[in-house]
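Take a look at the structure below.
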Amino acid sequence: MTRATTTRRRRRGRATGGTAALGTAALLLSLTTACDSGPFAGPEHLSADCAVVLDGSGSGDDSDTGFRAKEKLKATLPTFLADKKCKYLSYAPITAASVASSCQVPRIDIDPDSDKRSEREGLWKQTRVLAGAGADKMLECARDRQPGSDVLGGLDRAAKVPRADGTFHVLVISDFDQSDPDFRLSKYELGTQPERDTAVEELVSERGLPKLPDTTVYRVGFAMRGGRTNPERVDQMQQFWQQLLEKEVKVDVDDGYGA
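Residue numbers (our numbering): 957 to 1215.
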């Protein structure tokens, strides 16, 4: 055998080995891709704890004299659930006695871990519809049983629902005109700091403050009563609730979902 023949065979051997290595790498890549697109693939799971607090008072009527609570619920809840990536949604009523209200709707898991489907957006679409139905049920109950506007009590109910560590997102659909058997905000002058201090103290002295660490409250319908609240009073209510929520309860307040 000549030296040239031996050299050609060695070159063919090296070429065959290189082709085999490339083929193995391609196979591993295809297997990895197949695993990525398997039953456990898809978007990241949802994780946030959320709640919706619903005002059943007459000021939330679906008419020209109310702030249309049900209309605002339907307009904002789906976007809220998607924006905040809510895995769980809990429900709380605002009634004349929110803490003691018999209205209850079970917390819903929007992204159950037991469901292994890869296309999870379809699952979320279905469970968010169920979450909306639960909110409708809570609102109707709040309207039927002891209608009133114990807003602080509604937040206290939300404070008591199960939640994990991390930011708690609470959507509150209410005009925030606190009105219950023991306290009516409309009776208080709020134009000066001492007047607001008095109102805050009298509201919380007997009932205390909700425990809502790491919480953002999203207000929808604030100071709306069918267009009957004048701008000066709106500003005074804004200062009152800012003092109560941000300084006393120590939550963040967000009005980004509009009136």
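Glycine included, C-beta positions come from ideal geometry on N, C-alpha and C.
The structure presented is a predicted model; accordingly, all values stated were derived computationally and were not measured.
- If you draw a straight line from the Cα of L1141 to the Cα of R1101, it comes to about 21 Å.
- Annotation: the continuous alpha helix (DSSP H) that includes K1026 extends over A1025 to D1039.
- A1087 and I1064 have their C-alpha atoms roughly 7 Å apart.
- Cβ neighbours of P1034 within its own chain (closer than 8 Å, five residues either side excluded): R1084 and G1088.
- For T1083, the secondary structure class from DSSP, reduced to helix, strand or coil, is helix.
- In the displayed model, C1006 falls within a strand according to three-state DSSP.
- Annotated three-state conformation of K1206 is coil, per DSSP.
- In the three-state scheme derived from DSSP, where H, G and I count as helix and E and B as strand, L1146 is classed as coil.
- Around the beta carbon of T1032, a 10 Å sphere encloses 16 or more other beta carbons of the protein chains shown; the residue is thus reported as buried.
- When only Cα atoms are considered, A1004 and C1042 end up about 5 Å apart.
- As the crow flies, the alpha-carbon of D1011 is around 17 Å from that of H1125.
- Within the model, the alpha-carbon separation for P1137 versus S1105 is close to 10 Å.
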